[in-house]
Structures are given as structure tokens and as C-alpha cells.
Amino acid sequence: MESVVSRLLGMPRAFVPVVPKPLPPDTSLRVYHSADRECCLAIYSENEPGHFPPGFSDVFEQTLDRPDYLKLVLNVQGRLAAVGAIGLFPRMIGLQNVWLAFGMVRPDVHGQGLGTALLLARLAALPEPKLPMKVLLSNVARSESFLERFGFEYQGQMPGLAGGPMLDVRAALLDRGSWQRCREIVGGLGFAPQEIPATQVVDFWAVPPPVRQSGPPS
Ligand SMILES: CC(C)(COP(=O)(O)OP(=O)(O)OC[C@H]1O[C@@H](n2cnc3c(N)ncnc32)[C@H](O)[C@@H]1OP(=O)(O)O)[C@@H](O)C(=O)NCCC(=O)NCCS
Numbered sequence: 000m001e002s003v004v005s006r007l008l009g010m011p012r013a014f015v016p017v018v019p020k021p022l023p024p025d026t027s028l029r030v031y032h033s034a035d036r037e038c039c040l041a042i043y044s045e046n047e048p049g050h051f052p053p054g055f056s057d058v059f060e061q062t063l064d065r066p067d068y069l070k071l072v073l074n075v076q077g078r079l080a081a082v083g084a085i086g087l088f089p090r091m092i093g094l095q096n097v098w099l100a101f102g103m104v105r106p107d108v109h110g111q112g113l114g115t116a117l118l119l120a121r122l123a124a125l126p127e128p129k130l131p132m133k134v135l136l137s138n139v140a141r142s143e144s145f146l147e148r149f150g151f152e153y154q155g156q157m158p159g160l161a162g163g164p165m166l167d168v169r170a171a172l173l174d175r176g177s178w179q180r181c182r183e184i185v186g187g188l189g190f191a192p193q194e195i196p197a198t199q200v201v202d203f204w205a206v207p208p209p210v211r212q213s214g215p216p217s
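Note that numbering that gives the first Met the number 0 has the sequence shown beginning at 0, numbered continuously upward.
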């Protein structure tokens, strides 16, 4: 009954805080900084075939360069192993929307819990939800089964790029209890959620900065 009512109201299913498998030894979490840019682009390129549509890397670079998306990275034994972004969207009518963007893991360390840990860490960086928040993402086909474990449910499609291929959009509802559970799990992994800077509101109307040419980080 509850799920029928939720569907009628356009509400997604509840987010499921999945506990990741034990992470590789010497895994640490921190905020992205510009010196990570080249490593992140390398992780993107390694994942691009079969995952991301051609030309989508510009959107990734813009997301890296925008100060209004919080980016978190995981390092394994001092080497960057995963990156992911999150942003709050200005509240208009209805629920607070949150977008998760470009969660990706270095292919040689796929399947070791890092993608799950990074997803939970980004949600743990949200302000405490007084009301449930709608967590959205646009996903590529090969990450569907990964995302379904968290309750992310198909909502429709949107273009990944202006005039580019359509990507599926999925959503799940994060309430205070599941947000707290994310923080507990992240804390249990040895990361301190209270040290992660709070996710900001994305300036929806901002013109994205021009994509910088690849080169040594400034
Ligand atoms: C999707 C992705 C972030 C998952 O990260 P990960 O560290 O490999 O995932 P985890 O180890 O935390 O969890 C993997 C679990 O999800 C499932 N899974 C589903 N799709 C998967 C995939 N493409 N790769 C790895 N695991 C996948 C596995 O069954 C695994 O379950 P298990 O723990 O029972 O073995 C990673 O595979 C990736 O970077 N993919 C390429 C980029 C991408 O598609 N990003 C998502 C954009 S929406």
C-alpha cells in the first residue's frame, strides 16, 4: 500500500544504506583538490569504454572544476582510487533534490567496496535531512545492478549532454534515519563524517567554467 501511495505521489523508494565489503588496507577519504585533476581524468578514461558516452568527459571536467559540487576521493595506499561528486539543488516546490554525479572507481580496484563507501560518504556529507530528500542520478547501463542495491529506482530519461544520448535517471528517498545510518557506516570504515565539509547548493544557472586543457595541475 505504502509503495502504491508513493508511486502516485511520484515518490521513489527508500534509500538502502548498503554496508560495503571490507575496504582494501590503507584506504583514506578526503575532499578533492585541483592537484587530483589529472588522476581523476585518468580514472575517467580507464572507465570510459563501455561505461560513459563519447564526449561526456567535458561534463566530468566541468564538474571537477565547479566549486559548488562537493567532490570526495578515496586513496588506496596513497594512490587515488575513486572520485565522486554531490550537490544540493535549490529547493523550489516539493522535496529537496540532491544529485550524485560521476561516482567512479579505478578499474583495477573495482568490486572491493570502494564505490559503495564513496556513495555513502557523499550522502553522509549532506546536512541532516529534516524532511526526506530525493537523491537523483543519471546512470549508465552497466551500473544499474550496482545502483539497484541502494534502492535507486528508474524515473525517466534526460540528455547526458545537450543534444547527446539520453541517460536513465534514477532516484531514492533519503530520510533522517538512513542518513544517520550512512554516517554510522562511514564512521565504522574509519572515516570521520563530521570532518567532511557540508554539501553546498549548486548554482543551477551558473555557466560552467570552460574546460581547461589537460596539463600539469596548477
Ligand atoms: C559502478 C562502480 C562505481 C562500482 O564501484 P565498485 O567499487 O566496483 O563497487 P563495490 O565494490 O562497492 O560494489 C560492487 C557490488 O556491486 C555489484 N556491481 C554491479 N555492477 C557492478 C560493476 N559494474 N562493477 C562492480 N560491481 C558491480 C557487484 O555485484 C558487487 O556486489 P558484491 O559486493 O556482492 O560483489 C564502479 O564499477 C565503476 O567505477 N564503474 C565505472 C563507472 C560507472 O559506471 N560509474 C557509475 C556512473 S552512474
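Ideal Cβ positions, reconstructed from N, Cα and C, are used throughout, including at glycine.
Simplified DSSP assignment, three categories, for residue i
| i | result |
| --- | --- |
| Q76 | coil |
| T26 | strand |
| P16 | coil |
| L7 | For L7, the predicted model reports a pLDDT of 48, less than 50, meaning its position is unreliable; a value from the coordinates is still stated below. Three-state DSSP puts L7 in a helix. |
| V200 | strand |
| Y153 | strand |
| F88 | strand |
Cβ-heavy atom distance, residue i to ligand 1, below 8 Å
| i | result |
| --- | --- |
| L113 | yes |
| M246 | For residue 246 there is no data in the structure shown, the boundaries of the chain being 0 and 217. |
| H109 | yes |
| R148 | yes |
| F51 | yes |
| R141 | yes |
| A41 | no |
| L69 | no |
Residue i to residue j span [Cα, whole Å]
| i | j | result |
| --- | --- | --- |
| L166 | P158 | 6 Å |
| F88 | G163 | 23 Å |
| W98 | V134 | 6 Å |
| M0 | L122 | Residue placement at M0 is flagged as unreliable, the pLDDT there being 46, under the threshold of 50; the coordinate-derived value follows with that caveat. So the two alpha carbons sit approximately 28 Å from each other. |
| G54 | N138 | 15 Å |
| F101 | A197 | 18 Å |
| G86 | N96 | 9 Å |
| P21 | S56 | 31 Å |
| D107 | E45 | 10 Å |
| I42 | R105 | 5 Å |
| V18 | L146 | 13 Å |
| L28 | L69 | 13 Å |
| R182 | L119 | 8 Å |
| Q199 | G83 | 15 Å |
First through last residue of the alpha helix (DSSP H) which encompasses residue i
| i | result |
| --- | --- |
| Q61 | S56 to D64 |
| V108 | Neither: V108 is in no alpha helix (DSSP H) and is coded neither H nor E. |
Expected contact under 8 Å - CB spacing of residue i and residue j to nearest Å
| i | j | result |
| --- | --- | --- |
| P16 | E152 | Not confirmed; about 16 Å, so no contact. |
| L117 | L173 | That belief does not hold up - the Cβ atoms of L117 and L173 are roughly 16 Å apart, past 8 Å. |
Extent of the continuous beta strand (DSSP E) to which residue i belongs
| i | result |
| --- | --- |
| F101 | Q95 to V104 |
| S137 | M132 to N138 |
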